[in-house]
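In terms of the working numbering, the sequence shown opens at residue 286 and continues consecutively.
For reference, the structure is listed below as C-alpha cells.
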Amino acid sequence: MKKSCFFYRKKKYSLVQNGVITKKSPSNIALIKYWGKQKNKIQIPSNSSISYSLEKVYTETRLIYHLREKKKRSIKIFFSGKENTSFLPKILEFFHRISLYCSYLRDFNFVIETKNTFPHSSGIASSASSMSALALCIMEIEKKLVSSLEEDFFLRKASFLARFGSGSACRSIYPGLVVWGGHKSIKGSNNLYAIPYPYKIHPIFTKMGDTILVIDEYPKKILSSKGHQLMIHNPYAKERFKCANKNMDRLISILKMGDLQEFGELIEHEALTLHAMIMTSHPYFLWMKPNTLHVLYKVWDFRKQSKKNIYFTLDAGANVHLLYPIQEIVSIRKWIYSDLFSYCKKIIESFCQ
Ligand code: PMV
C-alpha cells in the first residue's frame, strides 16, 4: 500500500463536533532490533525489526476533542492525572507530521489524558505504547468521518501514523509477533507500517513469559531519537544493518521449528549488538548499569546449571526482559524472585503474545 492511500483531506464535521475516545495499546519488546533510520527520510528504518507485543504493560489514553472555534489551537496533556508540559513538544511534532494525512486534526482542540502501567522513559518502550494508543484514538475520529472505513485499513493507518511519533510504536498496533521494515523473506513487510508476522509459529512461541526487571526507574540520559541519529556516523552501522536482516532470516526458521536454544542465542546476540552500537557511537554511551551485568551473568549461570530455557533481551536502557516458555513459568519465576530481586527496583510480570 502506498503512502498516498493514507491521505484524508475532506471536510465534513457535522457529526463530530466533540467527543471522547479511550484506547489502550501495549508496549513491545523487539527480538530483532530497529536501531538507525534512513538518512533524510522521516522515520524509515535502516533494517527490518520484529517484536512481541506485551500483555499487561500498556498505555491507556483518553482523547477529548472539540471542534475549534478560535484560531489558536490548544493541546493539553495530562499524565497520570497531572498536567504535563514536558511531553508537549513531542506531541506537537507528532501532530504536525501526521496532519498531512489527517487534515481534520487542524480543526480540533485536544485534551490528551494518558497513564501507563509502568514507569515512563526508563527503557520500557513508553513512547511505543503511548504513540500507538494516540494513533488509535485519532483513527477513531477518522472512523466517525468515514463510515465505510474498514478494520484492516484502520489498523494499517494507525500503524502508519504511530510510526511518526516513535518508530517502534508502529509495531504496538498489533498483538503477537509484529514486523516493521521491508524484508525480502517476509511477504507484505514494508517501511511505512508494521504487519502481523505472517508465517507459521511453533506453539512454544505463541505465548512466552516476559519478566521485566526494572533496574533503573529514572529516565535514561540519551533519548532513542538521538541514538538513532548517532548510527549515521557509527563505523559499524552498515554491518549491523546487514546482520539484522540475516538474523531475521534465521528467526523465521527458528519460529517455525520451535528451536528455543537458537531463539535464545539470537535474541541475546541482538540485545548485546544494540548496546554495542550505542557504546561505539560518537559520543559513546553506556545504558547498562552494574546490576544489569549482574543479572546477565546470573542468567547465564542459572541456565547452564538448571538447563532451563530462560533468555534475556534488552531495550535502549538498563532494564532486562527475561523471556521463557510458559511451560517453565513456575520454576523460573521462583528463581527470579529468589536470586534476582535484590538487583531490581521493581519487577513487572508480563507475557509476549
Ligand atoms: O521507537 P524508537 O524510535 O524509540 O526506537 C526504539 C528502538 C528500540 O526500542 C531500542 C529497538 C526496537 O526495535 O524496539
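Backbone N, C-alpha and C define an ideal beta-carbon position, used for all residues, glycine too.
Item	Value
Neighbourhood of His468 by C-beta distance below 6 angstroms, restricted to the same chain and skipping five residues each side	Ser333, Ser474, Met533
DSSP three-state assignment for Ser538, whether helix, strand or coil	helix
Any non-hydrogen atom of ligand 1 within 7 angstroms of Ser412 CB	yes
Limits of the alpha helix (DSSP H) - the one that Cys422 falls within	411-430
Inside the region 319-393 only - beta strand (DSSP E) runs reaching at least 3 residues	334-352, 360-364
Residue of Phe526, His560, Ile489 minimising C-alpha distance to Ile539	Ile489
Reduced DSSP category for Leu625 - H, G, I as helix; E, B as strand; rest coil	coil
Pair within 8 angstroms by beta-carbon distance, Pro460 and Ser312	no
Stretch pair the region 449-464 + the region 426-439: three plus CB contacts closer than 8 angstroms	no
Anticipated Cβ contact below 8 angstroms, Phe636 with Gly494, distance rounded	6 angstroms
is_contact[Leu498, chain B] using C-beta, thresh 8 angstroms	You won't find chain B in this structure, because it holds only one protein chain.
Inter-stretch contact at 8 angstroms, needing at least 3 Cβ pairs: the region 387-399 / the region 351-368	yes
N- and C-terminal bounds of the alpha helix (DSSP H) containing Leu545	545-564
Complete runs of the beta strand (DSSP E) confined to the region 460-492 [at least 3 residues]	462-465
DSSP-derived helix/strand/coil call for Leu508	coil
Any non-hydrogen atom of ligand 1 within 7 angstroms of Tyr319 CB	yes
Within 8 angstroms, strictly: CB atoms of Trp620 and Phe597	no
Any non-hydrogen atom of ligand 1 closer than 7 angstroms to Asp600 Cβ	yes
Arg535 versus Ile480: straight-line alpha-carbon distance, rounded	19 angstroms
Those residues which DSSP pairs with Thr598 across a bridge	His606
Backbone CA spacing between Glu425 and Ser432 [nearest angstrom]	11 angstroms
DSSP bridge partner residues for Val305 (one or two, in chain order)	Ile349
Buried or exposed by the 16-neighbour rule on C-beta atoms within 10 Å, applied to Arg391	exposed
Opposing strand residues paired with Val499 [DSSP bridges]	Lys631
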